[in-house]
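Oh and the sequence shown: position 42 is 42 in UniProt numbering, straight run, nothing missing.
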Amino acid sequence: MGEPTATSTVRTSGFTGDTAIALADSSGETATARMLYVQVTSSYRSSFGLRTNPGLLGDPITVTGTLTAYFSHPGLKSPTAMTAGGGTTPPTTPTTPPPTGSYYAAAEGKSGEQLKTALHTIISRGVTTLSYDAVWNALKATDQDPANANNVILLYSGTSRAKSLNGGNSGNWNREHVWAKSHGDFGTAAGPGTDLHHLRPEDVGVNSLRDNKDFDNGGSAVASAPGNFTDGDSWEPRNAVKGDVARMIFYMAVRYEGGDSWPDLEVDNATGSGTAPRIGRVSALLQWNAQDPPDAFERNRNQIIYASYQHNRNPFIDHPEWASSIFS
Ligand SMILES: [Ca+2]
Ligand SMILES: [Ca+2]
């Protein structure tokens, strides 16, 4: 499609470099949100760089590699192969069927607001709520380091830290509310403030840096949590948990619809909404949901919460495609 120059800017003529190209499923695509930005490493530049080969614009190309963020946009860096011509079929991401076949039966065939309503009913039925104190031990199970059963993985910093170091002091980990509790002011009584689907272990210092900021791309690098960025009113988590964060926020917006005296939590497309029961920015969250699909760790924690604690699921981990149906 052209030469990406920024998150939402792709140059389609007058190419100035050979280092990056933007791909799309069809040569008529104009929306950068439906493009993949690919880094062209030095060995491929003479063959595929657009400054050297402007005539390749619109031609099919097959690129092999691992999806990651590039220009803060869904992308692929350090490709392991680039060849001219299209593949026979696009690589498909294996979709994991929900472990409980009937759990989502009432949502089947629905979309948009109807889907949201159906999912709200499904995930609000038969829920066990935890005390805030019980959250400590639950997180030691849901977020256990797969490589070390004595540790938990901290959400933003990615650090593996001893379960026994839970607490409120420097060097401890504590209970991060991914949906910041001031956004709706729901506190830590049994309810949204103790809902394991958005609670994660985090370093005390990193937790206070994230504070109650909304989520969005951009800002300065966070020295104590590599890969995270922040500015005055937003936080960008590291790439490996961008989708996790988005799906936790989407869950909260569907789970809490104003019943049981809790606020109606909703996503919006802003940052800095203060104490309103809102969190943004939905455009970044949808992008993150697409670029960081659920992995084994995230699916495992959803299953543990369902089987052992709350008995409800995060539908967006089982069906990440539902996010755009409801929130686009
Ligand atoms: Ca992830
Ligand atoms: Ca809601």
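Every residue gets a Cβ at the ideal spot worked out from N, C-alpha and C, and that includes glycine.
Please indicate yes or no: does the CB of residue i lie closer than 7 Å to some heavy atom of ligand 1?
{"i": "Val38", "result": "no"}
{"i": "Val206", "result": "no"}
{"i": "Ala240", "result": "yes"}
{"i": "Asp233", "result": "no"}
{"i": "Glu298", "result": "yes"}
{"i": "Gly243", "result": "yes"}
{"i": "Asp143", "result": "no"}
{"i": "Asp216", "result": "no"}
{"i": "Asp292", "result": "yes"}
{"i": "Asp295", "result": "yes"}
DSSP on residue i, reduced to helix/strand/coil?
{"i": "Ala15", "result": "A small correction: the amino acid at residue 15 is Phe; Ala does not occupy that position in the sequence shown. The answer is coil: DSSP assigns Phe15 none of H, G, I, E or B."}
{"i": "His120", "result": "helix"}
{"i": "Arg255", "result": "helix"}
{"i": "Thr89", "result": "At Thr89 the pLDDT is 39, less than 50, meaning the model places this residue with poor confidence; the figure from the coordinates comes in the next sentence. Coil, per DSSP."}
{"i": "Thr194", "result": "helix"}
{"i": "Arg200", "result": "strand"}
{"i": "Leu154", "result": "coil"}
{"i": "Tyr70", "result": "strand"}
{"i": "Ala189", "result": "coil"}
{"i": "Ala147", "result": "coil"}
{"i": "Pro94", "result": "Since pLDDT at Pro94 reaches only 40, below the 50 mark, its modelled position is unreliable, and the value read off the structure follows with that caveat. Coil, per DSSP."}
Terminal residues of the continuous alpha helix (DSSP H) containing residue i?
{"i": "Gln39", "result": "Segment Leu36 to Gln39 is the beta strand (DSSP E) holding Gln39; no alpha helix (DSSP H) there."}
{"i": "Ile326", "result": "Trp322 to Phe327"}
{"i": "Asp133", "result": "Tyr132 to Thr142"}
{"i": "Val206", "result": "Val204 to Arg210"}
{"i": "Tyr44", "result": "Ser42 to Phe48"}
{"i": "Ala296", "result": "Ala296 to Ile304"}
{"i": "Pro315", "result": "Pro315 to Asp318"}
Any heavy atom of ligand 2 inside 7 Å of the beta-carbon of residue i?
{"i": "Glu266", "result": "yes"}
{"i": "Ala253", "result": "yes"}
{"i": "Glu257", "result": "yes"}
Following the continuous beta strand (DSSP E) through residue i, name the residue where it begins and the one where it ends.
{"i": "Gly219", "result": "Premise fails: Gly219 is in no beta strand (DSSP E) and is neither H nor E."}
{"i": "Arg161", "result": "Ser160 to Ala162"}
{"i": "Gly75", "result": "His73 to Leu76"}
{"i": "Glu176", "result": "Trp173 to His177"}
{"i": "Pro4", "result": "Glu3 to Ala6"}
{"i": "Leu23", "result": "Ala20 to Leu23"}
{"i": "Thr30", "result": "Run containing Thr30: none; DSSP gives neither H nor E here."}
{"i": "Ala81", "result": "Ala81 to Ala84"}
{"i": "Thr64", "result": "Ile61 to Thr64"}
Hey, is residue i's beta-carbon within less than 8 Å of any beta-carbon in chain B?
{"i": "Met35", "result": "Among the chains in the structure shown there is no chain B, since it carries only a single protein chain."}
inquiry  = For a minimum of 4 consecutive residues, which ranges assigned as the alpha helix (DSSP H) are wholly contained in the region 226–291?
reply    = The qualifying runs are 239–255 and 282–291.
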